[in-house]
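Protein chains in written order, with our numbering: chain Z, 1470 to 1719; chain H, 862 to 1173. Down below is the structure, laid out as structure tokens.
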Amino acid sequence: MKVLVAVKRVIDYNVKIRVKPDNSDVDLTNVKMAMNPFCEIAVEEAVRLKEAGTASEVVAVSIGPKAAQEQLRTALALGADRALHVQTDERVESLGAARALAKVVEEEQPELMILGKQAIDSDNNQTGQMLAALTGRPQGTFASAIKVEGDSLEVIREVDGGLQTVSLKLPAIVTTDLRLNEPRYAKLPDIMKAKKKPLETRTPEEMGVEVASQLKLVSVEPPAERQGGVTVGSVDELVDKLKNEAKVIS
Amino acid sequence: MSILVLAEHHDGHLAEGTAHVVAAARQIAEHSGADIDVLVAGEGVAAIAEAAAGLEGVARVRVADHAVYGHQLAEPLGDLLVALADDYSHVLAAGSTTGKNALPRLAALKGTQQISEIIAVVSADTFKRPVYAGNAIATVQSADALKVITVRPTAFDAVAEGGSASVEAVDTVVDNDLSSFIDEKLAQSDRPELGSAKVVVSGGRGMGNGENFKLLDGVADKLGAAIGASRAAVDAGFVPNDMQVGQTGKIVAPDLYIAVGISGAIQHMAGMKDSKIIVAINKDEEAPIFQVADYGLVGDLFELVPELEKKL
Ligand SMILES: Cc1cc2nc3c(=O)[nH]c(=O)nc-3n(C[C@H](O)[C@H](O)[C@H](O)COP(=O)(O)OP(=O)(O)OC[C@H]3O[C@@H](n4cnc5c(N)ncnc54)[C@H](O)[C@@H]3O)c2cc1C
Ligand SMILES: Nc1ncnc2c1ncn2[C@@H]1O[C@H](COP(=O)(O)O)[C@@H](O)[C@H]1O
Chain Z
1470 MKVLVAVKRV IDYNVKIRVK PDNSDVDLTN VKMAMNPFCE IAVEEAVRLK EAGTASEVVA
1530 VSIGPKAAQE QLRTALALGA DRALHVQTDE RVESLGAARA LAKVVEEEQP ELMILGKQAI
1590 DSDNNQTGQM LAALTGRPQG TFASAIKVEG DSLEVIREVD GGLQTVSLKL PAIVTTDLRL
1650 NEPRYAKLPD IMKAKKKPLE TRTPEEMGVE VASQLKLVSV EPPAERQGGV TVGSVDELVD
1710 KLKNEAKVIS
Chain H
862 MSILVLAEHH DGHLAEGTAH VVAAARQIAE HSGADIDVLV AGEGVAAIAE AAAGLEGVAR
922 VRVADHAVYG HQLAEPLGDL LVALADDYSH VLAAGSTTGK NALPRLAALK GTQQISEIIA
982 VVSADTFKRP VYAGNAIATV QSADALKVIT VRPTAFDAVA EGGSASVEAV DTVVDNDLSS
1042 FIDEKLAQSD RPELGSAKVV VSGGRGMGNG ENFKLLDGVA DKLGAAIGAS RAAVDAGFVP
1102 NDMQVGQTGK IVAPDLYIAV GISGAIQHMA GMKDSKIIVA INKDEEAPIF QVADYGLVGD
1162 LFELVPELEK KL
């Protein structure tokens, strides 16, 4: 079966972000960018399906600026067969991404599409669910295990109360949670090989989709800073402070 | 036009989160003058509907009681919301795994960009929400006719009980042959729910193994606390996934949060830094958790935690 994975270029998860002085947005100049960690898990799962002989082809898709091709090359180095870049400089949010992905699904007809559960920049957690709705396919969100069973897919989901197992009729959409797998690192020879793998670039205009966000970003502010507290010297002092100063225990 | 709140419920009980989401809806209603409806969707949910009718500020509870809504799978829930949405200016749900699962489907089918996990209502179309693991707060404005919103429950004080809304059946029944429920393994615990507990004690990689997490039980027992964990502790298999606190786990804001053997990565802090008082117990005095802790205790948790239990 053909598997599509969606990868988003985001700020590296280790970087502490800064807000621009004019409060118009977060400052991303000269900031280290990377593949969204949940997308790394999506790529890994797709590649494992291919290694197991379940998937026949893995196609990576990204919507974003020219530089998003770096993340597509990473996906190719990790084992994707080809990549599709929907190039735009617009501020794209989940609905726009889902619309573009739905168009790709219509053209490519994959049996399985794997996305991250959440992009760590917007923290939206929407795109996979939106894509499922737009394509009329079932969704297995926050997946910690998936198994193809004939023409359906069994998905174990991480939910607030514990774990839930659902069965989805293929073709289906899956979004990854942290425990689905542990992504591999790309090896140097694979990074070299990835440079020769096919990467197609298209624009939202020629695909006939609107990707720009419908939400107006009014302002962005740093959060209220917490005042660092004190170091206490002993458990007795801690208990005393909690009782008599903070008054949070009795 | 009215505001619709999707009720959160589990195991036959209305979840605490709903009263917080209704509180957010009331703030929107102050700007728009709208009535608030609550939708209870599920199977055998009459008692839940009664509980929802008692929430202050709710005008009407709509009950979709049918087997297709059992287990609240996203596909039928999304279709039900789409069928009802034309009566509403706003549809709200908790930023729970149920709300996150279903609401984007409604948003997509209505051509709306959903606004996730709002923490403040500025006006009927403008909201504040954390982005980048809470390291920035974005103010966003929606021009979409329908606003689809998930709410961070800890950011809004729950409405009181004492309301007396009308309860009406919704007879819309949708089909679902796309997905089916197989089973679930839910955590069994006598402790308070993590998201609404007044005290939370969390353990990290420093706990060393799952067995050692029992050390936290004694402290939690004395404080009536819920127990949480860092991602590292969950990944290592010390404790189940439903205990993860953080950017991509649960958000908590108790009166007292005690972090034990947790370094304080930004992804963890995103889930707990709105706690009123934070205590950190860590042997590394350079650990970032101390930068947000009101009271830091530097030392070996295997000595300090048993001592703390004894002295509480
Ligand atoms: C996409 C993504 C999402 C993530 N989401 C989350 C999330 O939701 N929640 C989350 O928590 N993390 C999340 N993380 C992981 C996060 O980046 C950190 O890796 C994680 O929080 C570290 O957990 P920890 O503090 O338990 O472990 P460590 O960072 O290893 O810290 C262990 C601490 O224990 C202390 N210690 C060890 N032994 C003792 C002892 N005997 N006595 C006292 N102290 C001791 C050490 O000094 C150290 O500070 C996410 C990461 C990514 C990439
Ligand atoms: N611009 C994009 N390009 C490719 N994939 C995306 C994009 N935006 C979101 N996604 C996918 O959707 C997932 C969840 O993102 P979100 O719902 O926006 O938090 C990501 O992990 C990606 O797999």
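Backbone N, C-alpha and C define an ideal beta-carbon position, used for all residues, glycine too. On a predicted model such as this, the values are computed, not experimentally measured, just so you know.
Taking DSSP as the reference, what is the three-state secondary structure of residue i?
i, result
"Ala1093 (chain H)", "helix"
"Met1470 (chain Z)", "coil"
"Leu1117 (chain H)", "strand"
"Pro937 (chain H)", "helix"
"Tyr930 (chain H)", "helix"
"Val1689 (chain Z)", "strand"
"Asp1018 (chain H)", "coil"
"Gln1538 (chain Z)", "helix"
"Asn1505 (chain Z)", "coil"
"Asp1155 (chain H)", "coil"
"Thr973 (chain H)", "coil"
"Glu1623 (chain Z)", "strand"
"Glu917 (chain H)", "coil"
"Asn1073 (chain H)", "helix"
"Pro991 (chain H)", "strand"
"Val1573 (chain Z)", "helix"
"Gly1698 (chain Z)", "coil"
Quick one: using the 10 Å Cβ neighbour count with 16 as the cut-off for buried, is residue i buried or exposed?
i, result
"Gln1696 (chain Z)", "exposed"
"Ser1703 (chain Z)", "exposed"
"Asp1032 (chain H)", "exposed"
"Leu1657 (chain Z)", "exposed"
"Met1661 (chain Z)", "exposed"
"His892 (chain H)", "exposed"
"Ile1043 (chain H)", "exposed"
"Ser1136 (chain H)", "buried"
"Val1080 (chain H)", "buried"
"Glu1022 (chain H)", "exposed"
"Asn1474 (chain Z)", "According to the sequence as given, residue 1474 (chain Z) is Val; it is not Asn. Val1474 (chain Z) comes out buried."
"Thr1672 (chain Z)", "exposed"
"Asn962 (chain H)", "buried"
"Pro1579 (chain Z)", "buried"
"Thr1498 (chain Z)", "exposed"
"Glu1539 (chain Z)", "exposed"
Throw me the rounded Cβ distance for the residue i and residue j pair, which I believe falls under 8 Å.
i, j, result
"Thr1634 (chain Z)", "Glu1623 (chain Z)", "6 Å"
"Thr1011 (chain H)", "Glu1054 (chain H)", "Rounded, the Cβ-Cβ distance is 18 Å, inconsistent with contact."
"Val982 (chain H)", "Ile889 (chain H)", "5 Å"
"Arg921 (chain H)", "Asp898 (chain H)", "5 Å"
"Val952 (chain H)", "Leu942 (chain H)", "6 Å"
"Ala1524 (chain Z)", "Leu1518 (chain Z)", "4 Å"
"Glu1646 (chain Z)", "Lys1586 (chain Z)", "The question names Glu, but residue 1646 (chain Z) is Asp in the sequence shown. Between Lys1586 (chain Z) and Asp1646 (chain Z) the Cβ distance is about 6 Å, and since that is below 8 Å, they are a contact."
"Ile980 (chain H)", "Pro991 (chain H)", "6 Å"
If you draw a straight line from the C-alpha of residue i to the C-alpha of residue j, how long is it?
i, j, result
"Ser984 (chain H)", "Leu1600 (chain Z)", "29 Å"
"Lys1083 (chain H)", "Gln1683 (chain Z)", "50 Å"
"Glu1437 (chain Z)", "Thr959 (chain H)", "In this structure chain Z extends from 1470 to 1719, so residue 1437 (chain Z) is not present and cannot be described."
"Leu1637 (chain Z)", "Asp1592 (chain Z)", "26 Å"
"Ala908 (chain H)", "Pro1014 (chain H)", "22 Å"
"Lys1471 (chain Z)", "Glu1690 (chain Z)", "43 Å"
"Asn1070 (chain H)", "Ser950 (chain H)", "49 Å"
"Glu877 (chain H)", "Ser1057 (chain H)", "7 Å"
"Gln1108 (chain H)", "Asp1590 (chain Z)", "11 Å"
"Phe1151 (chain H)", "Ala1588 (chain Z)", "28 Å"
"Ala1663 (chain Z)", "Val1528 (chain Z)", "13 Å"
"Arg1542 (chain Z)", "Asn996 (chain H)", "29 Å"
"Ala1120 (chain H)", "Val1701 (chain Z)", "15 Å"
"Val919 (chain H)", "Ala1681 (chain Z)", "36 Å"
"Val1628 (chain Z)", "Leu875 (chain H)", "17 Å"
"Pro1692 (chain Z)", "Arg1066 (chain H)", "27 Å"
"Ile1480 (chain Z)", "Gly1533 (chain Z)", "13 Å"
"Leu1047 (chain H)", "Thr1644 (chain Z)", "21 Å"
"Ser1563 (chain Z)", "Asp872 (chain H)", "32 Å"
"Lys1666 (chain Z)", "Ile1642 (chain Z)", "25 Å"
"Glu1445 (chain Z)", "Lys1171 (chain H)", "One cannot answer for residue 1445 (chain Z) here, as it falls past the ends of chain Z, which runs 1470 to 1719."
"Leu1165 (chain H)", "Leu1158 (chain H)", "9 Å"
"Glu904 (chain H)", "Tyr1654 (chain Z)", "46 Å"
Determine contact between the region 1139 to 1149 of chain H and the region 1081 to 1092 of chain H, defined as no fewer than three beta-carbon pairs at a distance below 8 Å. Because the criterion of three Cβ pairs below 8 Å is not met, the region 1139 to 1149 of chain H and the region 1081 to 1092 of chain H do not touch.
Is it the case that the region 921 to 938 of chain H contacts the region 1566 to 1578 of chain Z, given that we only count it when at least three CB pairs across the two stretches are under 8 Å? Taking 8 Å as the limit for Cβ pairs, the verdict is that the region 921 to 938 of chain H does not touch the region 1566 to 1578 of chain Z.
When you compare the region 865 to 882 of chain H with the region 1598 to 1615 of chain Z, are there three or more beta-carbon pairs, one atom per stretch, that lie closer than 8 Å? Fewer than three Cβ pairs drawn from the region 865 to 882 of chain H and the region 1598 to 1615 of chain Z lie within less than 8 Å of each other, which leaves the two stretches out of contact.
Using the beta carbon as the reference atom, which residues fall closer than 5 Å to any heavy atom of ligand 4, ordered along the chain? With respect to ligand 4, the structure shown offers nothing to examine, as its ligands consist of ligand 1 and ligand 2.
Count the C-beta pairs between the region 1543 to 1555 of chain Z and the region 1517 to 1533 of chain Z that are closer than 8 Å, then say yes if the count reaches three, no if not. Yes, they touch.
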